[in-house]
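Have a look at the structure below before the remarks.
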Amino acid sequence: MPATELDLLIAAARAAGEVACRYTGPEARVWDKPGGAGPVTEADLAVNEVLFEQLRGARPDYGWLSEESADTPERLSRDRVFIVDPIDGTRSFIEGTRTWAHALAVVERG
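For the record, in the sequence shown the residue sitting at position 5 is 5 according to the UniProt record's numbering, with numbers rising by one throughout.
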């Protein structure tokens, strides 16, 4: 297990990048989120799953808030919460440009 949150976030981002790159190309499935909230791809969901497994697997006592997961009230009772956007820049990802990233943060008592 990584010793620090930064080490953990870096390792998780690298694993997420490997997964995301498997979904590039015109064959990737894309659909619109409900309520006009923008596009989502199967890559967003796969990366979300990898990040959840990596981050919560290492820090199960942390809460979780992700753009691609349903929010739960349990995170409000946690001292630390992972805040995640699995693919920040989904439109760029869909277009095949390299202007997307994984947005990962730890919020403490916030």
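Cβ atoms here follow ideal geometry from the backbone N, Cα and C, with glycine treated the same way.
Model, not experiment: these values are computed from the prediction.
Straight-line Cα distance separating residue j from residue i
{"i": "R56", "j": "E95", "result": "31 Å"}
{"i": "D61", "j": "R80", "result": "8 Å"}
{"i": "D32", "j": "G110", "result": "30 Å"}
{"i": "L45", "j": "A15", "result": "14 Å"}
{"i": "P34", "j": "E68", "result": "12 Å"}
{"i": "A3", "j": "R59", "result": "11 Å"}
{"i": "L76", "j": "F82", "result": "12 Å"}
Where the beta strand (DSSP E) containing residue i begins and where it ends
{"i": "G63", "result": "G63 to S66"}
{"i": "T41", "result": "P39 to T41"}
Close-in-space but distant-in-sequence residues of the same chain around residue i (CB under 7 Å, 5 per side omitted)
{"i": "I10", "result": "none"}
{"i": "A43", "result": "A20, Y23, A28, I87 and F93"}
Helix, strand or coil at residue i according to DSSP, with G and I counted as helix
{"i": "I80", "result": "Residue identity differs from the one stated: residue 80 is Arg in this sequence, not Ile. The answer is strand: DSSP assigns R80 an E or B state."}
{"i": "D71", "result": "coil"}
{"i": "P60", "result": "coil"}
{"i": "A28", "result": "coil"}
{"i": "M1", "result": "Bear in mind that a pLDDT of 47 at M1, under 50, signals an unreliable position, so the model cannot answer this."}
Endpoints, alpha helix (DSSP H) assigned at residue i
{"i": "A20", "result": "E5 to C21"}
{"i": "R91", "result": "T90 to E95"}
Contact set for residue i: own chain, Cβ-Cβ below 6 Å, skip 5 residues either direction
{"i": "V84", "result": "L51, S66 and L104"}
{"i": "G89", "result": "T99 and W100"}
{"i": "M1", "result": "Annotation note: pLDDT 47 at M1 (below 50); position unreliable, coordinate value reported separately. For M1, where only same-chain residues beyond five positions count, the Cβ hits under 6 Å are A58."}
Cβ neighbours of residue i in the same chain (closer than 8 Å, five flanking residues each side left out)
{"i": "P39", "result": "V30, W31, D32, K33, T90, R91 and I94"}
Any non-hydrogen atom of the ligand FMN within 7 Å of residue i CB
{"i": "K33", "result": "Of ligands this structure carries none, so the ligand FMN is not represented either."}
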